[in-house]
Amino acid sequence: METGKGHLPKKRPMKQRCQLESRQETKLLPFPGFLVLLLLLLLLALPSFAHPGPTPTDESGEIVEWLTQYGYLPPADPVTGQLQTWEAVTSAIRVMQRFAGIAETGIPDDATLALIRMPRCSLPDVISTFPEKLPLRRSRSRKRRKRRKSRSKRSAGSVWTKRNISWRVKTYPREARLSRETMRVLMYYALKVWSEATPLNFHEVGSHTADISVEFLRLDHRDGYPFDGPGGMVAHAFFPGDPQRAGNVHFDGDEEWTFRSPDDFGTDLFAVAVHEFGHSLGLAHSPSKHSIMRPYYQGPVGDPLQYQLQADDRTEIQKLYGSRVLHSTEKPEVTSLLPDLLSLPHDFPALRSGKEFPDRCASNIDAVTQIRGETFFFKGQYFWRLTQGRHLTSLRPALISGFWRGLPSTLRKVDAVYERHIDHRILFFSGPLYWVFKDNGVEEGYPRPVTDFGLPQGGIDGAFSWPVDRKTYFFKGDLHWCYDEATAHMEEEFPVHREPWEHFPASVDAVLSENDGTLYAFKGREYWKFEPHNLKPQTGYPRSIAKDWLDCTGELYPPRSLPTSPASGAEHRPDLRGPQLEVERCVCFCSAFRVMSWGLLSCLLAALLALQGFA
Numbered sequence: 001m002e003t004g005k006g007h008l009p010k011k012r013p014m015k016q017r018c019q020l021e022s023r024q025e026t027k028l029l030p031f032p033g034f035l036v037l038l039l040l041l042l043l044l045a046l047p048s049f050a051h052p053g054p055t056p057t058d059e060s061g062e063i064v065e066w067l068t069q070y071g072y073l074p075p076a077d078p079v080t081g082q083l084q085t086w087e088a089v090t091s092a093i094r095v096m097q098r099f100a101g102i103a104e105t106g107i108p109d110d111a112t113l114a115l116i117r118m119p120r121c122s123l124p125d126v127i128s129t130f131p132e133k134l135p136l137r138r139s140r141s142r143k144r145r146k147r148r149k150s151r152s153k154r155s156a157g158s159v160w161t162k163r164n165i166s167w168r169v170k171t172y173p174r175e176a177r178l179s180r181e182t183m184r185v186l187m188y189y190a191l192k193v194w195s196e197a198t199p200l201n202f203h204e205v206g207s208h209t210a211d212i213s214v215e216f217l218r219l220d221h222r223d224g225y226p227f228d229g230p231g232g233m234v235a236h237a238f239f240p241g242d243p244q245r246a247g248n249v250h251f252d253g254d255e256e257w258t259f260r261s262p263d264d265f266g267t268d269l270f271a272v273a274v275h276e277f278g279h280s281l282g283l284a285h286s287p288s289k290h291s292i293m294r295p296y297y298q299g300p301v302g303d304p305l306q307y308q309l310q311a312d313d314r315t316e317i318q319k320l321y322g323s324r325v326l327h328s329t330e331k332p333e334v335t336s337l338l339p340d341l342l343s344l345p346h347d348f349p350a351l352r353s354g355k356e357f358p359d360r361c362a363s364n365i366d367a368v369t370q371i372r373g374e375t376f377f378f379k380g381q382y383f384w385r386l387t388q389g390r391h392l393t394s395l396r397p398a399l400i401s402g403f404w405r406g407l408p409s410t411l412r413k414v415d416a417v418y419e420r421h422i423d424h425r426i427l428f429f430s431g432p433l434y435w436v437f438k439d440n441g442v443e444e445g446y447p448r449p450v451t452d453f454g455l456p457q458g459g460i461d462g463a464f465s466w467p468v469d470r471k472t473y474f475f476k477g478d479l480h481w482c483y484d485e486a487t488a489h490m491e492e493e494f495p496v497h498r499e500p501w502e503h504f505p506a507s508v509d510a511v512l513s514e515n516d517g518t519l520y521a522f523k524g525r526e527y528w529k530f531e532p533h534n535l536k537p538q539t540g541y542p543r544s545i546a547k548d549w550l551d552c553t554g555e556l557y558p559p560r561s562l563p564t565s566p567a568s569g570a571e572h573r574p575d576l577r578g579p580q581l582e583v584e585r586c587v588c589f590c591s592a593f594r595v596m597s598w599g600l601l602s603c604l605l606a607a608l609l610a611l612q613g614f615a
């Protein structure tokens, strides 16, 4: 389905896909000729034969956008419309993989996709290729450019010319688990890490004229590096050479900033602050997995009172500023007495907020979806975001309309959300309307009525886009629909009742499809897991949503189990047999044919050559 006003979903009659057409007056080809025809049909069925070597994947748009954003590819030319060639993308992927220290495959494999979806610094990794996009002052002479080239590869090419540098925290998050005093103290100790390795002295001031200004900002804050809500881009800083913003540091105000928290919860403020202040002093990103200047968030780095720079980071910063004289008695200055970090509690108090957020541990879920490998849980006007490892980025939910720009702030809940496999657009359904998003911005012409799809005006219970057959399935009560996104048509035989989804709970709250086709059905406070090959619930389900997904521990609410099979409860499941079963068999056959192995084709080719020889 194309987006926009010009191309809306239509409903048209379709032939049963699995019915065999009658053949009249069929003439048999000679036996070797028949094998030739069979082989040609197989070749046409498998696009990999026509395109040897690396080819774009479903994630190609995501990887190109990421490579462009972080300096590995030049931006597309808006004048000529010149787009990236796949050869250039492959080369850029190899450079990115080499920088990250993973296998150089030149393709967006699992390790590469996992890396680009990690939380990280917003600044580019490659700062010399496209300097006009970076927060650096442009050099005005050939001599100055030569001097910049002679600097360390880890240097951004600009340094502070004074040794006493002032700083202040200008703004704080509107809501946070850490107190403002704790955040300020962590900034002090993060700067102290760099002052201990250099002659630089940092002192906190209360005026607006500080050399380094620290702010907690949200989404697009008009500096060219918009944030993206919890997870994703967590912070960025500006190098000393920036004319207006030299040294300034911006943290994403939507992150769950933590201190002395387990690795899998929140984002450690001290670790990110040390990294960003490295940029403020002139260091670029490092490919070293042990460097604090590695662009990817690596979790807490330890006690701020004991933390010291790794040897390579110490060497690089001393190339810019030299080392601190051992007998010097100079120490960083502050304007007020700082509390001892050791006295801060290890366990955070409950979130202090005037807003009434939904209780993730006591509520059912409105919708669940997977976007770019991350999982999103929706409840009311809010959502929680989970990393690929199923770790919450924040215990505090974020406002849906605040992140997906274009949804009305008055929206009370969403019924379903899914990422469309054909173009990675994100579709939101709420009551009689739906919206289409590219990333977190709504497409022009939306919202539109759900009747565009041939769905009932009253809305749906759940939806998912299934990679097994590349179709989209909608659920409402005991009914479900199958929609072909490629042709923008609803299948003729739908809606139907339970089969082949007879093991799903009726009137689901949400359905989630992972990239491998694994399905999860959510109802009440429980969920079921289904394998794509038989659509039967796995043993041991249903399980608790709160415990397994939303980081809720302790005694939860008594389960309200639903039958996991027709025989395990009194729920009526009509025995509907007919066209639905044919559709299920067709899906299985087509899926198996798509993944036919090269080994089988090699055997067919060998048999063909042998028979041709006998002929």
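In UniProt numbering, the protein residues as written are 1 to 615.
Idealized CB from N, CA, C, for every residue including glycine.
Note that the coordinates shown come from a computational prediction; the quantities given were computed from them, not determined experimentally.
Is it true that the region 475-488 meets the region 427-439, where meeting means three or more beta-carbon pairs spaced less than 8 Å apart? no
First and last residue of the uninterrupted beta strand (DSSP E) at GLU181: Taken as a continuous stretch (DSSP letters only), GLU181 belongs to no beta strand (DSSP E), being part of the alpha helix (DSSP H) at 180-195.
Leaving out five residues on either side along the sequence, give the residues of the same chain with a beta carbon under 6 Å from the beta carbon of GLU104. ARG94, GLN97 and ARG98
Same chain, Cβ closer than 6 Å to residue 635, five either side skipped, listed in chain order: Since the first and last residues shown for the chain are 1 and 615, residue 635 lies out of range.
Can you tell which of TYR520, PHE474 and CYS552 has its C-alpha closest to the C-alpha of GLY458? PHE474
Nearest CA to the CA of THR198: which residue from PRO397, VAL368 and GLY282? GLY282
ALA235 to VAL249, Cα distance in whole Å? In a straight line, the C-alpha of ALA235 is about 8 Å away from that of VAL249.
Buried or exposed for HIS285, please, with buried defined as at least 16 other CB atoms from any protein chain shown within 10 angstroms of its CB. buried
Return the chain-ordered list of same chain residues with a C-beta closer than 6 Å to the C-beta of PHE378, the five sequence neighbours on each side being excluded. ASP366, ALA367 and VAL414
Is LEU309 near PHE259, with beta carbons less than 8 Å apart? no
One question on the structure: do LYS529 and VAL508 come within less than 8 Å of each other, judged by their Cβ atoms? It is not a contact, given that the beta carbons lie outside the stated cut-off.
Measure the CB-CB distance between TYR321 and PRO358 and report whether it falls below 8 Å. no
Contact defined as beta carbons within less than 8 Å: I believe GLY406 pairs with VAL442. What is the distance between those atoms, to the nearest angstrom? About 3 Å separates the beta carbons of GLY406 and VAL442, which is inside the 8 Å limit, making them a contact pair.
What residues are listed by DSSP as bridge partners for ARG405? The bridge partners DSSP lists for ARG405 are LEU407 and GLY441.
Buried or exposed: where does ILE165 fall if 16 or more other Cβ atoms within 10 Å of its Cβ makes it buried? When all chains shown are included, ILE165 counts as buried.
Would you mind giving the Cβ-Cβ distance between SER513 and TRP466, rounded to the nearest angstrom? I have them listed as a contact below 8 Å. 5 Å
Cutoff 7 Å; reference PRO230; Cβ partners in own chain excluding five residues on either side: ASP254, GLU255, GLU256, ARG385, THR393, SER394 and ALA398
What are the boundary residues of the beta strand (DSSP E) that TYR473 is part of? 471-476
Where GLU316 and LEU217 are concerned, what is the direct C-alpha to C-alpha distance, given to the nearest angstrom? 29 Å
Using DSSP bridges, identify the partner residues of GLN370. GLN370 pairs with THR375.
Mark residue 646 as exposed unless 16 or more other C-beta atoms lie within 10 angstroms of its C-beta, in which case mark it buried. Past the edges of the chain, shown from 1 to 615, lies residue 646, and the structure says nothing about it.
Between THR267 and the rest of its own chain, which residues show a CB-CB distance below 8 Å, the 5 nearest in sequence each way excluded? The residues PRO119, VAL234, GLU255, GLU256, TRP257, THR258, TYR297 and THR393, in chain order, have a CB closer than 8 Å to that of THR267 in the same chain once the five nearest residues on each side in sequence are set aside.
If we ignore side chains and look at the alpha-carbon of each, how far apart do ARG151 and THR161 end up? Model confidence at ARG151 stands at a pLDDT of 40, short of 50, so the residue's coordinates are unreliable and nothing is read from them.
Looking at the C-beta of PHE530, does it have a partner C-beta in chain C at a distance below 8 Å? No chain C is part of this structure, which consists of one protein chain only.
Terminal residues of the continuous beta strand (DSSP E) containing GLY462? 462-466 is the extent of the beta strand (DSSP E) around GLY462.
Using the beta-carbon count (16 or more within 10 Å), is LYS471 buried or exposed? buried
Going by C-alpha distance, which of GLU491, HIS208 and LEU519 is nearest PHE504? Ranking GLU491, HIS208 and LEU519 by Cα distance to PHE504 puts LEU519 first.
Going by the CB atoms, is the gap between PRO240 and SER158 shorter than 8 Å? yes
Euclidean distance between Cα positions of ASP461 and PHE429: 9 Å
Measuring straight from C-alpha to C-alpha, what distance separates ASN364 and ARG525? 5 Å
Continuous beta strand (DSSP E) stretch holding residue 622: start and end: Within the shown structure, residues of the chain are numbered from 1 to 615, placing residue 622 beyond reach of any answer.
Mind reading off the beta-carbon distance from ALA190 to ALA273? Whole number of angstroms is fine, and I expect it under 8 Å. Contact between ALA190 and ALA273 holds, with the beta-carbon distance rounding to 4 Å and staying under 8 Å.
Judging by CA-CA distance, which residue of VAL468, HIS489, ILE545 and TYR225 is the nearest neighbour of ASN534? VAL468
Name the DSSP beta bridge partners of ALA521, please? VAL511 and TRP528
Mapping the DSSP letters down to three states, classify THR267 as helix, strand or coil. strand
Can you tell me which of LYS476, TYR70 and ASP551 puts its alpha carbon nearest to the alpha carbon of GLY224? TYR70
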